[in-house]
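Residue 2 is where the sequence shown starts when you use my numbering, and the numbers rise one by one after that.
Beta carbons are placed, not taken as given, at the ideal position from N, Cα and C, and that holds for glycine.
What follows is a short report on a single structure.
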Amino acid sequence: MTNIPYKQIALNHIIIYFFLIFIPDSNCQKYDFNWFVGYEYFPNKPLDTSESVNAITFNTLDGNIKLQYEYKSTLDFIKYGCNISDADGNYLFSWDGKKLEDNQYKIVKRSNEICPDYYCEAMSMGSFILPNPVYDDLYHLITTHVSICGDSIVMLKIDQLNDARIRLNKDKSIAIEDPFVPIIKEGNMDWGKSTACRHANGRDYWILNPSKNSNSYYTSLIVRGITFSFAIIYQ
């Protein structure tokens with residue numbers, strides 16, 4: 002038999018339940034709690050609801066998802082768009098491969114400088130948004146760029162990886178701080194496989210891009226101090 006008093010055992014259980022119930026929720030980051038799908042042929046005047054933008058939010062009190070038609074958005078969310086919310090699940094902005102739209106569904110100034118030739122929209126899974134590891138008001142829009150090569154046979158080559166730095170203002174509006182920061186200037190990356198993950202330090206981000214027809218990877222790092230460091234290709 003144990004010599005620990007029953008009151009102490011009960012107290013230990015209460016402490017464990019407290020951590021299990023309350024701590025995970027308090028540390029939850031909700032950057033991906035709002036999704037957008039669909040597209041508009043005629044902004045603000047869709048032909049029907051099957052050709053429009055719909056918003057899916059997970060940021061609800063009861064935990065159940067909520068689907069609603071978002072008639073104000075003018076972006077096209079097919080297979081290359083992305084969006085992000087803040088750590089509390091409040092929607093911030095979206096990118097569709099051509100334009101950047103804020104949470105008031107207004108096109109952000111200098112959006113056309115992020116990808117001037119519009120070849121960023123050609124790839125599925127070709128763009129994503131990451132919060133800065135240090136500054137809560139800074140976000141990184143990572144895009145892949147496609148070049149057309151060949152004469153008799155036209156081929157597409159994913160040759161660039163770029164970063165657009167987006168600043169979140171105090172009123173929750175956004176501004177493009179730097180629309181074009183090259184990460185990989187000349188490469189040969191595989192189609193639709195650009196991704197990112199947390200660094201082992203729990204703060205920074207690795208960006209991974211597999212090479213075309215190879216088992217090697219392009220690796221990039223978003224580090225403390227908002228700078229990028231491009232690592233060599235690992236075999």
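Buried or exposed: which applies to A201, given that a residue is buried once 16 or more other Cβ atoms fall within 10 Å of its Cβ? Burial call: exposed.
Check each candidate in F34, R204, S95 and name the one with the smallest Cα separation from D89. Of the candidates F34, R204, S95, the one whose C-alpha sits nearest the C-alpha of D89 is F34.
Mapping DSSP to helix, strand and coil, what is N104? DSSP places N104 in coil when its eight states are reduced to three.
In this structure, does DSSP put C116 in helix, strand or coil? The DSSP-derived three-state label of C116 is coil.
Hey, how far is the Cα of D77 from the Cα of N163? If you draw a straight line from the Cα of D77 to the Cα of N163, it comes to about 21 Å.
Identified DSSP bridge partners for C83: In the DSSP output, where bridge partners are listed per residue, C83 has W96.
Where I223 and D205 are concerned, what is the direct C-alpha to C-alpha distance, given to the nearest angstrom? Whole-angstrom Cα-Cα distance: 6 Å.
State buried or exposed for I130, treating a residue as buried only when at least 16 other CB atoms are found within 10 Å of its CB. The residue in question, I130, is buried, as its Cβ has 16 or more Cβ neighbours within 10 Å.
Which listed residue (K171, H146, W207, K80) has its alpha carbon closest to that of I159: When each option's Cα is compared against that of I159, the closest is H146.
Mind reading off the beta-carbon distance from I177 to Q161? Whole number of angstroms is fine, and I expect it under 8 Å. Contact between I177 and Q161 is ruled out by a C-beta separation of about 18 Å, above the 8 Å threshold.
Hey, would you say F37 sits closer than 8 Å to G82, going by beta carbons? Against a cut-off of 8 Å, the Cβ pair of G82 and F37 comes out as a contact.
Answer with buried or exposed for Y136, where buried requires no fewer than 16 other C-beta atoms within 10 angstroms of its C-beta. In the assembly as shown, Y136 is an exposed residue. Its beta-carbon has fewer than 16 other beta-carbons within 10 Å.
Grab the span of the beta strand (DSSP E) containing F181 for me, first residue to last. Here the beta strand (DSSP E) through F181 covers 175 to 185.
Among residues of its own chain, excluding the 5 on either side of N133, which ones have a beta-carbon nearer than 7 Å to its beta-carbon? Around N133: L139, Y140, H141, I227.
For Y219, count the other beta carbons within 10 Å of its own beta carbon; 16 or more makes it buried, fewer makes it exposed. Which is it? Answer is buried; the Cβ neighbour count reaches 16.
C-beta atoms of I175 and F94 nearer than 8 Å: With a cutoff of 8 Å on beta-carbon distance, I175 and F94 are scored as near each other.
If contacts are defined as beta-carbon pairs under 8 Å, then K80 and S125 qualify, I think. What distance do you get, rounded to the angstrom? Contact between K80 and S125 holds, since their C-beta atoms are separated by about 4 Å, short of 8 Å.
Using only the alpha-carbon positions, how far apart do S217 and N210 sit? So the two alpha carbons sit approximately 9 Å from each other.
Measuring alpha carbon to alpha carbon, tell me which of G193, G188, E114, S74 ends up nearest V54. Of G193, G188, E114, S74, the residue nearest in Cα terms is S74.
Straight-line gap, S148 to Y40 (C-alpha atoms, nearest Å): Approximately 25 Å, taken between the alpha carbons.
For M190, write down the residues that DSSP places opposite it in a beta bridge. Its beta-bridge partners are I159, S212.
When we look at the beta-carbon of K67 and count the other beta-carbons within 10 Å, is it buried (16 or more) or exposed? K67 should be labelled exposed.
Span separating the alpha-carbon of L62 from that of S86: Between L62 and S86, the C-alpha separation is close to 17 Å.
If F181 and A197 are in contact, beta carbons under 8 Å, what's the gap, nearest whole angstrom? Between F181 and A197 a beta carbon distance of about 19 Å is seen, past the 8 Å cut, so the two are scored as non-contacting.
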